[in-house]
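In what follows, a single structure is set out as structure tokens and then discussed.
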Amino acid sequence: MEASFFLLFLLSFYSSVHKISTSTTNVITTNHSITDGETIVSSGGTFELGFFSPSGSSKRYIGIWYKQILPMKTVVWVANREKPLTNTSSVVLKVSKPGILALLNDKNESIWSTYTSRSVQNPVALLLDSGNLVVKDANDRNTEKFLWQSFNIPTDTFLSNMKLGKNFQTGQEVYLSAWKNDSDPTPGEFTLHIDPTGYPQAIVKRGTSVLGSSGPWNGLRWSGDRAPPPNQSSIYKVQFVFNKEGVFYSFYFINNLLLTRLVLTSSGYLQGLMWVDQTKSWLYLSLPPTTCDTYSLCGAYGSCDIDSSPVCGCLEKFEPKYPQQWGNGDWSKGCVRRKPFNCNKEHVFLKYSGIKLPDTKYSQYNKTMTLDRCRVVCSRNCSCTAYSSLDIRNGRKGCLFWFGELIDIKKMSGGQDIYIRMDSSELDGKDTCREFLIIDGNGSARPYSAVVQTEKNKLKLKKEFELPLFQLSTITRATNNFSVNNKIGEGGYGPVYKGVLEEGQEMAVKRLSRTSTQGLDEFKNEVIYISKLQHRNLVRLLGCCIQGEEKMLIYEYMPNKSLDSYIFDQTKSKLLDWPKRFDIINGIARGLLYLHQDSRLRIIHRDLKASNVLLDIEMNPKISDFGLARSVAGNEMGANTSHVVGTHGYMSPEYAVEGIFSVKSDVFSFGVLVLEIVSCKRNRSFFDQDQSLNLLGHAWKLYKEDRSLELIDDQLADSCHISQVLRSIQVGLLCVQQCPEDRPNMSSVVMMLGNSHGSLLPEAKEPGFFPEREVLYAENSGSQNEVTITSLDPR
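Read left to right, the sequence shown gives residues -19 to -1, 1 to 776 (mature numbering (1 follows the signal peptide of the UniProt record, and there is no 0)).
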């Protein structure tokens, strides 16, 4: 069931869509009817209404089609689909009092007609530019008050501004009905409904049998949609309304430049299409159906995975009800719990993640409960099988409860979580890294954990650093037991996972790997420094977790990940215009200034690079990864070490060669980063064969020849502020000068970046490490990739 996928792709085709011309509005009045050969055109010239014959048929129908898509008529609505005409010589389409639009023969007999519940003196029929044919009172200035409208009785096509669903007060349902075949608009076998039984979901039916289900609406999309939620852009909006008046689903465009439609085909499939004028064809935008789109293919508690063979499998801790039939490929009888449970005795709710939520025909809901309350309510009802969040937006609120067997489940990327009732005996040794709540026969809950807790270490951390402590069970549940699907990165410290707490808060979990070249020193180092830092351009540490051998740091989640994923990617770099890049440069500069000057500790980061700058939802930069950071006392500006750590390409010469680090080492790294942001080139991978120059050398050479604009990423051509870009390049070159004494401090950098119309900048001198062949690195610090290098010896 794919009801909204095609909307996700519209932005990328925005420049190539059909442009609408304008035309005078034609109407049908009591004094003006239309005959075969005559048409009326919508106000904007998008749609046309008249008589037509489908391809391969001689029968005539009244219908609506796209006016400017020729020579084939793309029909979006048919009036007399069950009463075709064979002779139209004396047939007219006419509007009459009290407000009826009718197709009449020469005997003034009605072949097809509309209906109205009230009478008006001056009715007219108009074709709106949305494709909606309406009958209204010509004297009524309310443009939305209709006696009748074709949008309430669609055929096979779902258009912008049309509402599918059901009015609970009148009982009227608006649904799609497929053509019998391409040449016959007679209602076929297939229909598409927004089914309000239980909690609403979209379903495709063949007669009375359900063929496919979208899963319930989760606040952003249908649960079973195989694409990310539609981007609520300035071009289109998606709406889902469910209240005591009814349930309605629609989409609409802010402008009318896009010709799009969703069609229920005569084969029972949903197709999203958009007209591309350049190719004079309809572009298919919806994802093709798969075997797993078949309704309840795997039976009760079975899960369909299109990437597996066979596609059907039982949920974890379930087994085939009839193993022999299952083994022969007959999955219809589904699965049963491996260990039957008695809800009057102790039981648990196990979390299953990454799935399309089950069919909601036998479900109930509450729009205000928390997830914890959902568990309590479900546990007290023996018939309640499972529960989940009703709305996954903004903190996950509300409850969706299932009663009876769970059917129509499939595994999918971006799927949701569901908590299924199980016998408490299912808590075996394999589950010691997951949190369960044991529910007794009265519905009371108590925690279960097989993880040894190191309370002494936890209390010390909490007291010394005032840092919140997370239970291992909480983190494992939030990350779906550290699922590979939740993994968002990996560094020298170990893997990083995305997690979502039950109240909906997102977080990033850095888990110390047992094979990490870093370790407890880096863990403590990061806790010491980042827990004492508070700045809008530094990533925020939410807490940590120490239980048994597990050591984890919990950070705020950055949905746009790291800066390097944008500036070094040809496609994603287009999303960063110059104003946004300049904001990122300034944000990093302010974060470094805070570390060097304004924080309680004077901190030298020692590993500033593009992958350690994270971007929040508004693309604001936040410096991260303080595992290699060092602090210096009083007015000291640096120190030295015999064990060099950091990342090649960003390390200053004096640090890489002599082990001398200072705030000017971070300034050097910042300068490299500025030049990378401007050029979208990596310092380490850029190489000028003619001059044997890396990015720094290339930038300095262009600067000396007054050709700095050639360094700019081509994609910035339309958005860059030339003087601002040139100033940024010069500031970057000032920061990477060979001698630390020549480099500005970060307070000067912030001032120079902000004074775009002010005083002239000093002339930049030769950068450090700019001819690649001259690079000499300290022993044991070499690397060909951009990975943090850490000494194994304590510092």
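Glycine is no exception: its CB is placed at the ideal position from the N, C-alpha and C atoms.
How many Å lie between L519 and L707 at the Cα? Sequence index remark: in the sequence shown, residue 519 carries index 538 (1-based). Sequence index remark: in the sequence shown, residue 707 carries index 726 (1-based). L519 and L707: Cα-Cα distance of roughly 27 Å.
Pairs of beta-carbons, one from the region 35 to 44 and one from the region 54 to 70, closer than 8 Å: are there three or more? yes
Give, in chain order, every unbroken run of the beta strand (DSSP E) that is at least 3 residues long and sits entirely within the region 49 to 74. 56 to 59
Span separating the alpha-carbon of N7 from that of T271: To locate residue 7, count along the sequence shown from 1; it is residue 26. To locate residue 271, count along the sequence shown from 1; it is residue 290. If I take the Cα positions, the gap works out to 44 Å.
I believe I527 touches L544 by the beta-carbon criterion, under 8 Å. Please report the beta-carbon distance rounded to the nearest angstrom. Counting from 1 along the sequence shown, the entry for residue 527 is found at position 546. Counting from 1 along the sequence shown, the entry for residue 544 is found at position 563. Not confirmed; about 30 Å, so no contact.
Is it the case that the region 484 to 494 contacts the region 533 to 549, given that we only count it when at least three CB pairs across the two stretches are under 8 Å? yes
Below 8 Å between beta carbons: does that hold for K513 and R581? Residue numbering aside, residue 513 sits at position 532 when the sequence shown is read from its first letter. Residue numbering aside, residue 581 sits at position 600 when the sequence shown is read from its first letter. Yes, the Cβ-Cβ distance between K513 and R581 is below 8 Å.
Since D404 and P321 should fall inside the 8 Å C-beta cutoff, what is the C-beta to C-beta distance between them, to a whole number of angstroms? Mapped onto the sequence shown, residue 404 falls at position 423. Mapped onto the sequence shown, residue 321 falls at position 340. The pair is a contact, with the Cβ atoms about 7 Å apart (cut-off 8 Å).
The beta strand (DSSP E) enclosing R665, as first and last residue numbers: Looking up residue 665 in the sequence shown gives position 684. From DSSP, R665 is part of no beta strand (DSSP E); its letter is neither H nor E.
Which of helix, strand or coil DSSP assigns to I399: Numbered from 1 along the sequence shown, position 418 holds the residue referred to as residue 399. I399: strand per DSSP, three-state reduction.
Whole angstroms is fine: what's the gap from T55's alpha carbon to N162's? Taking the sequence shown and counting its residues from 1, one reaches residue 55 at position 74. Taking the sequence shown and counting its residues from 1, one reaches residue 162 at position 181. Computed Cα separation, rounded: 14 Å.
R427 burial status per 10 Å Cβ neighbour count (16 or more: buried): As a first step, residue 427 must be located in the sequence shown, where it is residue number 446. For R427, the pLDDT reaches just 47, beneath the cut-off of 50, and the residue's location in the model is therefore unreliable, leaving the point undetermined.
Rounded C-alpha distance that separates S425 from N323: Within the sequence shown, numbered from 1, the residue matching residue 425 stands at position 444. Within the sequence shown, numbered from 1, the residue matching residue 323 stands at position 342. Any reading at S425 must be qualified, since the residue scores a pLDDT of 48, below 50, and its modelled position is unreliable; the value itself is stated next. Straight-line Cα distance between these residues: approximately 15 Å.
On the three-state DSSP scale, how would you describe E503? Locating residue 503 in the sequence shown gives position 522, where the first residue counts as 1. In this structure, E503 counts as helix in the three-state DSSP scheme.
Looking at the strands, I want to know which residues DSSP matches up with E487. Locating residue 487 in the sequence shown gives position 506, where the first residue counts as 1. According to DSSP, E487 bridges with V481.
Could you tell me the distance, in whole angstroms, from the CA atom of C285 to the CA atom of L278? Numbered from 1 along the sequence shown, position 304 holds the residue referred to as residue 285. Numbered from 1 along the sequence shown, position 297 holds the residue referred to as residue 278. If I take the Cα positions, the gap works out to 7 Å.
For P35, name the three-state secondary structure that DSSP assigns. On the sequence shown, residue 35 is found 54 positions in, with the first residue counted as 1. DSSP places P35 outside both helix and strand once states are collapsed to three, so it counts as coil.
Here's the rule: buried if 16 or more other CB atoms are within 10 angstroms of the residue's CB, otherwise exposed. What is P304? To locate residue 304, count along the sequence shown from 1; it is residue 323. With fewer than 16 other Cβ atoms within 10 Å, it is exposed.
The alpha helix (DSSP H) with K682 in it runs from where to where? Taking the sequence shown and counting its residues from 1, one reaches residue 682 at position 701. Looking at the DSSP string, the run of the alpha helix (DSSP H) that includes K682 is L676 to K685.
What does the alpha-carbon distance come out to for the pair F651 and R663? Indexing the sequence shown from 1 puts residue 651 at position 670. Indexing the sequence shown from 1 puts residue 663 at position 682. Those two C-alpha atoms are separated by around 13 Å.
Under the assumption that A281 contacts I388 (Cβ atoms under 8 Å), give the Cβ distance between them as a whole number of angstroms. Translated into positions along the sequence shown, residue 281 becomes position 300. Translated into positions along the sequence shown, residue 388 becomes position 407. Indeed they touch by this definition, with Cβ atoms about 5 Å apart.
Would you check if the distance between the CB atom of L264 and the CB atom of L251 is smaller than 8 Å? On the sequence shown, residue 264 is found 283 positions in, with the first residue counted as 1. On the sequence shown, residue 251 is found 270 positions in, with the first residue counted as 1. No. Outside cutoff.
Based on the DSSP output, what are the partners of K391 in its beta bridges? Here the question's residue 391 lines up with position 410 in the sequence shown. DSSP output for K391 lists C285 and K337 as bridge partner(s).
Would the beta-carbon of G249 fall within 8 Å of that of L157? By 1-based counting over the sequence shown, the position of residue 249 is 268. By 1-based counting over the sequence shown, the position of residue 157 is 176. Cβ distance not < 8 Å, so G249 and L157 don't count as in contact.
Just curious, the beta strand (DSSP E) that Q705 is in, first and last residue? In the sequence shown, the residue the question calls residue 705 occupies position 724. Unbroken run through Q705 is the alpha helix (DSSP H), I703 to C716; no beta strand (DSSP E).
Hey, could you find the ends of the alpha helix (DSSP H) A637 is sitting in? As a first step, residue 637 must be located in the sequence shown, where it is residue number 656. P634 to E639 is the span of the alpha helix (DSSP H), which, as asked, contains A637.
Output yes or no for whether 8 Å exceeds the beta carbon distance between V644 and N726. Position 663 of the sequence shown holds residue 644. Position 745 of the sequence shown holds residue 726. It is a contact, given that the beta carbons lie within the stated cut-off.
Under the three-state reduction of DSSP, which class applies to Q696: helix, strand or coil? In the sequence shown, the residue the question calls residue 696 occupies position 715. Correct three-state label for Q696: helix.
For P52, the nearest candidate out of E484, K261 and R187 (CA to CA): As a working mapping, residue 52 is identified with position 71 in the sequence shown. The shortest Cα separation from P52 among E484, K261 and R187 belongs to K261.
Rounded to whole angstroms, how far is the Cβ of L715 from the Cβ of A745, which I believe are closer than 8 Å? Taking the first residue of the sequence shown as position 1, residue 715 is located at position 734. Taking the first residue of the sequence shown as position 1, residue 745 is located at position 764. Right, the Cβ-Cβ distance comes to about 5 Å (below 8 Å), so this counts as a contact.
May I ask which residues mark the beginning and end of the beta strand (DSSP E) holding D372? Position 391 of the sequence shown, counted from the first residue, corresponds to residue 372. That run of the beta strand (DSSP E) goes C365 to D372.
Got a sec? Which residues, its chain only, sit under 6 Å from D110 by beta carbon, not counting five neighbours each side? Here the question's residue 110 lines up with position 129 in the sequence shown. Result list for D110: S23, S24, G25 and T27, in chain order.
Leaving out five residues on either side along the sequence, give the residues of the same chain with a beta carbon under 6 Å from the beta carbon of P634. As a first step, residue 634 is located in the sequence shown; it is residue number 653 there, counting from the start. Result list for P634: G749 and F750, in chain order.
Other residues of its chain near F229: CB distance less than 6 Å, five sequence neighbours each side excluded: Here residue 229 corresponds to residue number 248 of the sequence shown, with the count starting at 1. If we look at F229 and ignore the five residues flanking it on each side, its Cβ neighbours are K144, G146 and V222.
Counting pairs of beta carbons, one from the region 193 to 202 and one from the region 66 to 77, are three or more of them closer than 8 Å? no
If we count the other Cβ atoms within 10 Å of its Cβ and call it buried at 16 or more, is P35 buried or exposed? Position 54 of the sequence shown holds residue 35. So P35 counts as buried.
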